[in-house]
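Undergrad: Have a look at the structure that comes next, please.
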Amino acid sequence: MPDRFDRQKRVKVIGEPGQRRIEQATVIIAGVGALGTYAAAQLIRAGVAGLILVDPDVVTLTNLQRQALFTEADVGELKVTAAKRHLLEINHSAHIQVVPESIDRSFFEDHPATLVLDCLDNYTARDTINQAALAGHFDYIFASCAGTFGSVMPVSPTHHACLNCLYPNLAELKQTDCDLIGVNTALVPLVSALQVSLALHYLVDRASVQFDRLYTFDNWTMTQQTFRVQKADQCAMCHRLTWPVPTDTSDTLQVLCGTQTYQVTHALLPSLPLIEQHLENQKVPYKRFKTFLSFNWDGYTISLFKNQKLLLYGVSDLEAATRLYQTIKTAFNQEVIQP
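Positions 1 to 339 (full-length UniProt numbering) are the ones given, in order, by the sequence shown.
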(Lines of atoms letter the chains of each structure in order from A; the text may use other names.)
(Lines give C-alpha, C1' and ligand atoms only; values in the text may rest on other atoms or scores of the structure.)
Protein backbone atom coordinates (compact mmCIF):
# COMPACT_ATOMS: atom_id res chain seq x y z
CA MET A 1 0.00 0.00 0.00
CA PRO A 2 1.38 3.47 -0.85
CA ASP A 3 2.57 5.54 2.10
CA ARG A 4 0.29 8.57 2.23
CA PHE A 5 2.95 10.58 4.06
CA ASP A 6 5.82 9.68 1.71
CA ARG A 7 6.26 13.21 0.33
CA GLN A 8 6.40 14.73 3.80
CA LYS A 9 8.93 12.18 5.04
CA ARG A 10 11.17 13.19 2.14
CA VAL A 11 11.44 16.69 3.62
CA LYS A 12 14.90 16.66 5.19
CA VAL A 13 13.98 18.48 8.40
CA ILE A 14 11.12 16.03 9.04
CA GLY A 15 12.10 12.57 7.81
CA GLU A 16 10.85 9.31 9.32
CA PRO A 17 11.53 10.32 12.96
CA GLY A 18 9.73 13.64 12.57
CA GLN A 19 6.74 12.03 10.91
CA ARG A 20 6.44 9.58 13.81
CA ARG A 21 6.33 12.49 16.25
CA ILE A 22 3.64 14.19 14.17
CA GLU A 23 1.55 11.02 14.08
CA GLN A 24 1.87 10.50 17.85
CA ALA A 25 0.73 14.04 18.71
CA THR A 26 -2.58 15.21 20.10
CA VAL A 27 -3.45 18.82 19.27
CA ILE A 28 -6.20 20.95 20.80
CA ILE A 29 -7.78 23.37 18.33
CA ALA A 30 -9.52 26.11 20.32
CA GLY A 31 -12.01 27.71 17.95
CA VAL A 32 -13.30 25.83 14.90
CA GLY A 33 -14.00 28.83 12.72
CA ALA A 34 -11.91 30.43 10.00
CA LEU A 35 -8.44 29.61 11.34
CA GLY A 36 -9.51 26.46 13.15
CA THR A 37 -11.03 24.70 10.16
CA TYR A 38 -8.01 25.37 7.97
CA ALA A 39 -5.64 24.27 10.75
CA ALA A 40 -7.59 21.07 11.41
CA ALA A 41 -7.59 20.08 7.75
CA GLN A 42 -3.85 20.72 7.37
CA LEU A 43 -2.94 18.83 10.54
CA ILE A 44 -5.05 15.82 9.57
CA ARG A 45 -3.44 15.77 6.12
CA ALA A 46 0.02 16.09 7.72
CA GLY A 47 -0.62 13.00 9.84
CA VAL A 48 -1.64 14.28 13.28
CA ALA A 49 -3.79 11.40 14.51
CA GLY A 50 -5.36 13.08 17.54
CA LEU A 51 -7.40 16.29 17.45
CA ILE A 52 -9.57 17.86 20.13
CA LEU A 53 -11.95 20.39 18.55
CA VAL A 54 -13.42 23.01 20.90
CA ASP A 55 -16.16 25.43 19.84
CA PRO A 56 -19.74 25.96 21.11
CA ASP A 57 -21.11 27.56 17.94
CA VAL A 58 -23.09 26.32 14.94
CA VAL A 59 -22.36 26.79 11.24
CA THR A 60 -24.04 29.83 9.67
CA LEU A 61 -24.25 30.97 6.07
CA THR A 62 -21.91 33.91 6.76
CA ASN A 63 -19.21 31.46 7.92
CA LEU A 64 -18.84 29.98 4.45
CA GLN A 65 -17.04 33.08 3.11
CA ARG A 66 -13.91 32.37 5.15
CA GLN A 67 -14.18 28.96 6.84
CA ALA A 68 -12.92 25.73 5.28
CA LEU A 69 -14.52 22.25 5.54
CA PHE A 70 -18.12 23.49 5.83
CA THR A 71 -20.71 23.55 3.04
CA GLU A 72 -24.25 24.88 2.76
CA ALA A 73 -25.51 21.48 3.90
CA ASP A 74 -23.80 22.03 7.29
CA VAL A 75 -25.64 25.27 8.14
CA GLY A 76 -27.30 24.91 11.54
CA GLU A 77 -25.08 22.02 12.66
CA LEU A 78 -22.54 22.27 15.47
CA LYS A 79 -19.20 23.32 14.01
CA VAL A 80 -17.28 20.63 15.86
CA THR A 81 -19.49 17.76 14.68
CA ALA A 82 -19.60 19.01 11.08
CA ALA A 83 -15.83 19.48 11.09
CA LYS A 84 -15.24 16.01 12.52
CA ARG A 85 -17.35 14.42 9.80
CA HIS A 86 -15.44 16.17 7.02
CA LEU A 87 -12.05 15.50 8.63
CA LEU A 88 -12.77 11.78 8.87
CA GLU A 89 -13.42 11.83 5.14
CA ILE A 90 -9.80 12.98 4.77
CA ASN A 91 -8.39 10.36 7.18
CA HIS A 92 -10.88 7.85 8.57
CA SER A 93 -8.38 6.52 11.13
CA ALA A 94 -7.90 9.86 12.92
CA HIS A 95 -9.02 10.17 16.54
CA ILE A 96 -11.13 13.32 16.80
CA GLN A 97 -12.79 14.43 20.03
CA VAL A 98 -15.44 17.15 19.83
CA VAL A 99 -16.17 19.55 22.68
CA PRO A 100 -19.02 21.96 21.81
CA GLU A 101 -18.33 24.26 24.77
CA SER A 102 -16.55 27.50 25.56
CA ILE A 103 -12.96 27.25 26.81
CA ASP A 104 -12.27 27.65 30.52
CA ARG A 105 -9.07 27.16 32.52
CA SER A 106 -10.07 23.75 33.87
CA PHE A 107 -10.54 22.41 30.34
CA PHE A 108 -6.80 21.98 29.81
CA GLU A 109 -6.42 20.01 33.04
CA ASP A 110 -9.01 17.52 31.78
CA HIS A 111 -7.67 17.34 28.21
CA PRO A 112 -3.90 16.79 28.11
CA ALA A 113 -2.36 17.44 24.70
CA THR A 114 0.97 17.83 22.93
CA LEU A 115 0.15 21.34 21.72
CA VAL A 116 -2.67 23.90 21.72
CA LEU A 117 -3.59 26.09 18.74
CA ASP A 118 -5.32 29.37 19.59
CA CYS A 119 -7.68 29.83 16.64
CA LEU A 120 -10.13 31.98 18.58
CA ASP A 121 -11.81 35.21 17.53
CA ASN A 122 -11.98 37.06 20.85
CA TYR A 123 -9.47 38.18 23.46
CA THR A 124 -11.46 37.08 26.49
CA ALA A 125 -11.04 33.45 25.45
CA ARG A 126 -7.44 34.10 24.38
CA ASP A 127 -6.72 35.47 27.85
CA THR A 128 -8.19 32.28 29.32
CA ILE A 129 -5.74 30.17 27.29
CA ASN A 130 -2.85 32.45 28.29
CA GLN A 131 -3.73 32.13 31.99
CA ALA A 132 -4.11 28.36 31.70
CA ALA A 133 -0.76 28.08 29.91
CA LEU A 134 0.97 30.08 32.63
CA ALA A 135 -0.64 28.02 35.38
CA GLY A 136 -0.25 24.66 33.63
CA HIS A 137 3.15 25.30 32.01
CA PHE A 138 2.14 24.34 28.49
CA ASP A 139 2.87 25.89 25.09
CA TYR A 140 0.47 27.13 22.44
CA ILE A 141 0.49 28.93 19.10
CA PHE A 142 -1.43 32.19 18.84
CA ALA A 143 -2.91 33.32 15.51
CA SER A 144 -5.32 36.10 14.57
CA CYS A 145 -6.90 37.65 11.47
CA ALA A 146 -8.51 41.07 11.08
CA GLY A 147 -9.16 42.86 7.82
CA THR A 148 -6.08 42.15 5.72
CA PHE A 149 -3.70 41.79 8.68
CA GLY A 150 -2.67 38.54 10.35
CA SER A 151 -0.40 37.67 13.29
CA VAL A 152 1.15 34.41 14.48
CA MET A 153 3.34 33.72 17.49
CA PRO A 154 4.49 30.56 19.30
CA VAL A 155 3.93 31.09 23.03
CA SER A 156 5.81 29.32 25.83
CA PRO A 157 4.91 31.60 28.75
CA THR A 158 6.83 29.80 31.48
CA HIS A 159 10.18 31.07 30.16
CA HIS A 160 9.25 33.40 27.30
CA ALA A 161 6.78 36.20 26.56
CA CYS A 162 3.10 35.53 27.25
CA LEU A 163 0.16 37.04 25.38
CA ASN A 164 -0.07 39.87 27.91
CA CYS A 165 3.60 40.73 27.26
CA LEU A 166 2.69 41.07 23.58
CA TYR A 167 -0.52 43.01 24.29
CA PRO A 168 -0.12 45.02 27.52
CA ASN A 169 -3.56 46.52 26.78
CA LEU A 170 -5.18 43.08 26.74
CA ALA A 171 -7.91 44.25 29.10
CA GLU A 172 -8.89 46.95 26.59
CA LEU A 173 -8.84 44.49 23.70
CA LYS A 174 -11.27 42.28 25.62
CA GLN A 175 -13.77 45.14 25.60
CA THR A 176 -13.89 44.96 21.78
CA ASP A 177 -14.67 41.23 21.65
CA CYS A 178 -18.13 41.73 20.20
CA ASP A 179 -17.05 44.21 17.53
CA LEU A 180 -17.62 42.64 14.12
CA ILE A 181 -14.43 43.01 12.10
CA GLY A 182 -14.26 42.03 8.46
CA VAL A 183 -11.76 39.45 7.23
CA ASN A 184 -10.31 39.14 3.73
CA THR A 185 -11.12 35.63 2.49
CA ALA A 186 -7.60 34.99 1.18
CA LEU A 187 -5.94 36.10 4.44
CA VAL A 188 -7.17 33.14 6.47
CA PRO A 189 -5.32 30.30 4.69
CA LEU A 190 -2.13 32.39 4.70
CA VAL A 191 -2.22 32.93 8.46
CA SER A 192 -3.31 29.35 9.08
CA ALA A 193 -0.40 28.05 7.00
CA LEU A 194 2.01 30.04 9.18
CA GLN A 195 0.38 28.72 12.36
CA VAL A 196 0.41 25.10 11.16
CA SER A 197 4.00 25.47 9.92
CA LEU A 198 5.00 26.44 13.45
CA ALA A 199 2.90 23.61 14.87
CA LEU A 200 4.63 20.99 12.70
CA HIS A 201 8.03 22.51 13.54
CA TYR A 202 7.11 22.28 17.23
CA LEU A 203 5.97 18.66 16.99
CA VAL A 204 9.12 17.62 15.11
CA ASP A 205 11.74 19.71 16.96
CA ARG A 206 10.47 21.91 19.79
CA ALA A 207 14.02 22.86 20.84
CA SER A 208 14.60 24.91 17.68
CA VAL A 209 11.32 26.88 17.80
CA GLN A 210 11.88 30.61 18.40
CA PHE A 211 9.30 31.49 21.04
CA ASP A 212 10.25 35.16 21.13
CA ARG A 213 9.12 35.88 17.56
CA LEU A 214 5.91 37.50 16.32
CA TYR A 215 5.20 37.08 12.60
CA THR A 216 2.81 39.49 10.86
CA PHE A 217 1.50 39.60 7.30
CA ASP A 218 -0.67 41.99 5.31
CA ASN A 219 -2.16 40.23 2.29
CA TRP A 220 -3.20 43.50 0.61
CA THR A 221 0.16 45.25 0.62
CA MET A 222 2.00 41.89 0.55
CA THR A 223 4.29 42.92 3.40
CA GLN A 224 5.64 40.60 6.07
CA GLN A 225 7.43 41.54 9.28
CA THR A 226 9.04 39.67 12.15
CA PHE A 227 9.34 41.18 15.63
CA ARG A 228 11.20 40.00 18.69
CA VAL A 229 8.97 39.96 21.77
CA GLN A 230 10.66 39.86 25.16
CA LYS A 231 9.16 38.75 28.45
CA ALA A 232 8.05 41.99 30.12
CA ASP A 233 9.52 42.69 33.55
CA GLN A 234 6.28 44.33 34.65
CA CYS A 235 3.86 41.86 33.05
CA ALA A 236 0.94 41.49 35.45
CA MET A 237 0.15 37.98 34.19
CA CYS A 238 3.68 36.54 34.21
CA HIS A 239 4.30 37.67 37.79
CA ARG A 240 0.89 36.74 39.14
CA LEU A 241 0.90 33.59 41.23
CA THR A 242 -2.87 33.28 41.35
CA TRP A 243 -5.64 34.36 39.02
CA PRO A 244 -9.06 35.76 39.80
CA VAL A 245 -11.74 33.20 40.50
CA PRO A 246 -14.11 33.22 37.51
CA THR A 247 -17.29 35.18 38.13
CA ASP A 248 -20.31 33.01 38.87
CA THR A 249 -22.54 33.42 35.84
CA SER A 250 -25.12 30.80 36.81
CA ASP A 251 -28.58 31.64 35.49
CA THR A 252 -27.18 34.59 33.50
CA LEU A 253 -27.65 34.56 29.74
CA GLN A 254 -24.57 35.56 27.72
CA VAL A 255 -24.38 35.99 23.95
CA LEU A 256 -21.52 34.41 22.02
CA CYS A 257 -19.98 37.34 20.19
CA GLY A 258 -21.00 37.86 16.60
CA THR A 259 -23.63 35.10 16.74
CA GLN A 260 -27.27 34.49 17.57
CA THR A 261 -26.27 31.95 20.20
CA TYR A 262 -26.81 32.42 23.93
CA GLN A 263 -25.33 30.35 26.73
CA VAL A 264 -26.39 29.95 30.34
CA THR A 265 -25.52 27.63 33.22
CA HIS A 266 -28.31 26.46 35.49
CA ALA A 267 -27.23 24.21 38.37
CA LEU A 268 -30.78 23.13 39.28
CA LEU A 269 -31.79 21.47 36.03
CA PRO A 270 -32.45 17.71 36.17
CA SER A 271 -29.77 15.25 35.07
CA LEU A 272 -29.32 14.41 31.39
CA PRO A 273 -30.88 10.91 31.71
CA LEU A 274 -34.03 12.38 33.27
CA ILE A 275 -34.30 15.07 30.62
CA GLU A 276 -33.69 12.53 27.86
CA GLN A 277 -36.51 10.39 29.21
CA HIS A 278 -38.79 13.43 29.31
CA LEU A 279 -37.96 14.33 25.71
CA GLU A 280 -38.64 10.73 24.71
CA ASN A 281 -42.01 10.72 26.49
CA GLN A 282 -43.01 14.04 24.93
CA LYS A 283 -41.83 12.89 21.48
CA VAL A 284 -39.47 15.87 21.23
CA PRO A 285 -36.78 15.28 18.53
CA TYR A 286 -33.31 15.00 20.07
CA LYS A 287 -29.83 13.58 19.55
CA ARG A 288 -27.65 12.13 22.28
CA PHE A 289 -23.91 12.76 22.29
CA LYS A 290 -21.24 11.75 24.80
CA THR A 291 -21.45 14.89 26.93
CA PHE A 292 -24.66 16.61 25.85
CA LEU A 293 -28.15 16.38 24.37
CA SER A 294 -29.27 18.37 21.34
CA PHE A 295 -33.02 18.90 20.89
CA ASN A 296 -35.60 21.17 19.30
CA TRP A 297 -37.79 23.43 21.45
CA ASP A 298 -40.28 25.98 20.15
CA GLY A 299 -38.51 26.01 16.79
CA TYR A 300 -35.03 26.53 18.27
CA THR A 301 -32.09 24.15 18.56
CA ILE A 302 -30.92 23.63 22.14
CA SER A 303 -27.83 21.88 23.52
CA LEU A 304 -27.75 20.81 27.18
CA PHE A 305 -24.47 19.57 28.65
CA LYS A 306 -23.60 17.38 31.62
CA ASN A 307 -22.16 20.43 33.38
CA GLN A 308 -25.62 22.09 33.25
CA LYS A 309 -24.68 24.54 30.51
CA LEU A 310 -27.40 25.37 27.98
CA LEU A 311 -26.77 26.76 24.50
CA LEU A 312 -29.69 28.39 22.68
CA TYR A 313 -29.14 28.74 18.92
CA GLY A 314 -30.66 31.15 16.42
CA VAL A 315 -32.17 33.50 19.00
CA SER A 316 -32.58 37.10 17.79
CA ASP A 317 -31.98 39.02 21.03
CA LEU A 318 -31.63 38.80 24.81
CA GLU A 319 -35.37 39.25 25.41
CA ALA A 320 -36.22 36.30 23.16
CA ALA A 321 -33.43 34.22 24.72
CA THR A 322 -34.74 34.98 28.22
CA ARG A 323 -38.28 33.90 27.30
CA LEU A 324 -37.01 30.70 25.72
CA TYR A 325 -34.79 29.88 28.69
CA GLN A 326 -37.58 30.48 31.20
CA THR A 327 -39.89 28.21 29.21
CA ILE A 328 -37.32 25.41 29.17
CA LYS A 329 -36.44 25.82 32.84
CA THR A 330 -40.08 25.79 33.91
CA ALA A 331 -40.96 22.78 31.78
CA PHE A 332 -38.05 20.67 32.95
CA ASN A 333 -38.29 21.53 36.63
CA GLN A 334 -42.07 21.14 36.82
CA GLU A 335 -42.59 18.20 34.49
CA VAL A 336 -39.39 16.18 34.86
CA ILE A 337 -38.98 16.43 38.62
CA GLN A 338 -42.22 15.34 40.25
CA PRO A 339 -42.75 15.70 44.02
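Every residue, glycine too, gets a C-beta built ideally from N, C-alpha and C. Note that the structure is predicted; figures quoted are calculated from it, not measured.
Roughly how many whole angstroms lie between the Cα atoms of Glu-319 and Ile-90?
TA: By one-based count along the sequence shown, residue 319 stands at place 319. By one-based count along the sequence shown, residue 90 stands at place 90. Approximately 42 Å, taken between the alpha carbons.
Undergrad: On a Cα-Cα basis, can you pick out the residue from Ile-103, Ala-83, Leu-51 that is closest to Ala-94?
TA: For the purposes of this step, residue 94 is taken as the residue at position 94 of the sequence shown. Of Ile-103, Ala-83, Leu-51, the residue nearest in Cα terms is Leu-51.
Undergrad: Which one or two residues does DSSP pair with His-95 in a beta bridge?
TA: Translated into positions along the sequence shown, residue 95 becomes position 95. Paired residue(s): Gly-50.
Undergrad: Going along the chain, which residues of its own chain have a beta-carbon closer than 7 Å to the beta-carbon of Ile-181, five neighbours each way excluded?
TA: Taking the sequence shown and counting its residues from 1, the one referred to as residue 181 is at position 181. Around Ile-181: Ala-146, Gly-147.
Undergrad: DSSP three-state call for Ser-102: helix, strand or coil?
TA: Within the sequence shown, the letter at position 102 stands for residue 102. It is coil, neither helix nor strand.
Undergrad: Would Gly-76 be called buried (16 or more neighbouring beta carbons within 10 Å of its own) or exposed?
TA: Position 76 of the sequence shown, counted from the start, is the residue given in the question as residue 76. So Gly-76 counts as exposed.
Undergrad: Does the separation of the CB atoms of Phe-217 and Val-191 fall below 8 Å?
TA: Position 217 of the sequence shown holds residue 217. Position 191 of the sequence shown holds residue 191. Taking 8 Å as the Cβ cut-off, Phe-217 and Val-191 qualify as a contacting pair.
Undergrad: Per DSSP, what kind of secondary structure is Lys-12 in: helix, strand or coil?
TA: In the sequence shown, counting from the first residue as 1, residue 12 sits at position 12. Under the three-state reduction of DSSP, Lys-12 is assigned to coil, being neither helix nor strand.
Undergrad: Under 8 Å between C-beta atoms, does Val-75 make it to chain D?
TA: Looking for chain D here will not work: only one protein chain is present.
Undergrad: Would you identify the three-state DSSP class for Gln-65, choosing helix, strand or coil?
TA: Taking the sequence shown and counting its residues from 1, the one referred to as residue 65 is at position 65. The answer is helix: DSSP assigns Gln-65 an H, G or I state.
Undergrad: Terminal residues of the continuous alpha helix (DSSP H) containing Arg-85?
TA: In the sequence shown, the residue the question calls residue 85 occupies position 85. Segment 79-90, the alpha helix (DSSP H) holding Arg-85.
Undergrad: Under three-state DSSP, which class holds Ala-321?
TA: In the sequence shown, counting from the first residue as 1, residue 321 sits at position 321. Three-state DSSP puts Ala-321 in a helix.
Undergrad: Give me, in chain order, the residues of the same chain whose beta-carbon lies closer than 8 Å to that of Leu-194; leave out the 5 immediate sequence neighbours on both sides.
TA: For the purposes of this step, residue 194 is taken as residue 194 along the sequence shown, with counting starting at 1. Only Ala-143, Gly-150, Val-152, Tyr-215, Phe-217 meet the Cβ criterion.
Undergrad: So for Asn-164, helix, strand or coil by DSSP?
TA: For this step, residue 164 is matched to residue 164 along the sequence shown. Residue state, collapsed to three classes: helix.
Undergrad: Less than 8 Å between the beta carbons of Ser-294 and Ser-303, yes or no?
TA: In the sequence shown, residue 294 corresponds to position 294, counting from 1. In the sequence shown, residue 303 corresponds to position 303, counting from 1. Taking 8 Å as the Cβ cut-off, Ser-294 and Ser-303 qualify as a contacting pair.
Undergrad: To the nearest angstrom, report how far apart Trp-297 and Ala-68 are at their CA atoms.
TA: Residue mapping note: residue 297 aligns to position 297 of the sequence shown, counting from 1. Residue mapping note: residue 68 aligns to position 68 of the sequence shown, counting from 1. When rounded, the distance between both Cα atoms is 30 Å.
Undergrad: Rounded to the nearest angstrom, what separates Gln-19 and His-159 at their Cα positions?
TA: Position 19 of the sequence shown, counting from 1, holds the residue named residue 19. Position 159 of the sequence shown, counting from 1, holds the residue named residue 159. So the two alpha carbons sit approximately 27 Å from each other.
Undergrad: Among Ala-25, Ile-103, Thr-124, whose alpha-carbon lies nearest the alpha-carbon of Asn-169?
TA: Stepping through the sequence shown from its first residue, residue 169 is reached at position 169. It is Thr-124 whose Cα lies nearest to the Cα of Asn-169.
Undergrad: Check this for me: beta carbons of Tyr-38 and Val-204, under 8 Å apart or not?
TA: Against the sequence shown, residue 38 aligns to sequence position 38. Against the sequence shown, residue 204 aligns to sequence position 204. The Cβ-Cβ distance between Tyr-38 and Val-204 does not fall below 8 Å.
Undergrad: Just to confirm before moving on: does the CB-CB distance between Asn-164 and Cys-235 stay below 8 Å?
TA: Counting from 1 along the sequence shown, the entry for residue 164 is found at position 164. Counting from 1 along the sequence shown, the entry for residue 235 is found at position 235. Yes; because the gap between Cβ atoms is below 8 Å, this pair is in contact.
Undergrad: Tell me the rounded alpha-carbon separation between Asn-184 and Leu-35.
TA: Taking the sequence shown and counting its residues from 1, one reaches residue 184 at position 184. Taking the sequence shown and counting its residues from 1, one reaches residue 35 at position 35. So the alpha carbons of these two residues sit roughly 12 Å apart.
Undergrad: Using the Cα positions of Val-58 and Gly-47, report the straight-line distance between them to the nearest angstrom.
TA: Against the sequence shown, residue 58 aligns to sequence position 58. Against the sequence shown, residue 47 aligns to sequence position 47. The alpha-carbon atoms of Val-58 and Gly-47 are separated by roughly 27 Å.
Undergrad: Hey, how far is the Cα of Arg-7 from the Cα of Glu-172?
TA: Numbered from 1 along the sequence shown, position 7 holds the residue referred to as residue 7. Numbered from 1 along the sequence shown, position 172 holds the residue referred to as residue 172. Taking the straight line joining both Cα atoms gives about 45 Å.
Undergrad: Measuring only the C-alpha atoms, how far is Thr-252 from Leu-61?
TA: Within the sequence shown, numbered from 1, the residue matching residue 252 stands at position 252. Within the sequence shown, numbered from 1, the residue matching residue 61 stands at position 61. Distance between the alpha carbons of Thr-252 and Leu-61: 28 Å.
Undergrad: Evaluate Leu-279 with the Cβ neighbour count: other Cβ atoms within 10 Å of its Cβ, from every protein chain shown; 16 or more gives buried, anything less gives exposed.
TA: The count along the sequence shown starts at 1 and reaches residue 279 at position 279. Buried, by the Cβ-count rule.
Undergrad: Taking DSSP as the reference, what is the three-state secondary structure of Arg-21?
TA: Locating residue 21 in the sequence shown gives position 21, counting from the first residue. Note: Arg-21 maps to helix in three-state DSSP.
Undergrad: Leu-256 and Pro-2: beta carbons closer than 8 Å?
TA: For this step, residue 256 is matched to residue 256 along the sequence shown. For this step, residue 2 is matched to residue 2 along the sequence shown. No. Outside cutoff.
Undergrad: Measure the C-alpha to C-alpha separation of Gln-263 and Ile-14 and round it to an integer number of angstroms.
TA: Walking along the sequence shown from the start, residue 263 turns up at place 263. Walking along the sequence shown from the start, residue 14 turns up at place 14. Using only the alpha carbons, I get a separation of about 43 Å.
Undergrad: Apart from the five residues just before and just after Leu-166, which ones in its own chain have a Cβ nearer than 6 Å to its Cβ?
TA: Walking along the sequence shown from the start, residue 166 turns up at place 166. Excluding positions up to five away in sequence, the list reads Val-229.
Undergrad: Quickly, what does DSSP pair Gly-309 with across the bridge? List them, please.
TA: Indexing the sequence shown from 1 puts residue 309 at position 309. It should be pointed out that residue 309 corresponds to Lys in this sequence rather than to Gly. Note: Lys-309 is bridge-paired with Thr-265 in the DSSP secondary-structure output.
Undergrad: Starting from Ser-144 and walking both ways along the beta strand (DSSP E), at which residues does that stretch end?
TA: On the sequence shown, residue 144 is found 144 positions in, with the first residue counted as 1. Note, Ser-144: beta strand (DSSP E), 140-146.
Undergrad: The beta strand (DSSP E) spanning Thr-26 covers which residue range?
TA: As a working note, residue 26 is residue 26 in the sequence shown. Here the beta strand (DSSP E) through Thr-26 covers 26-30.
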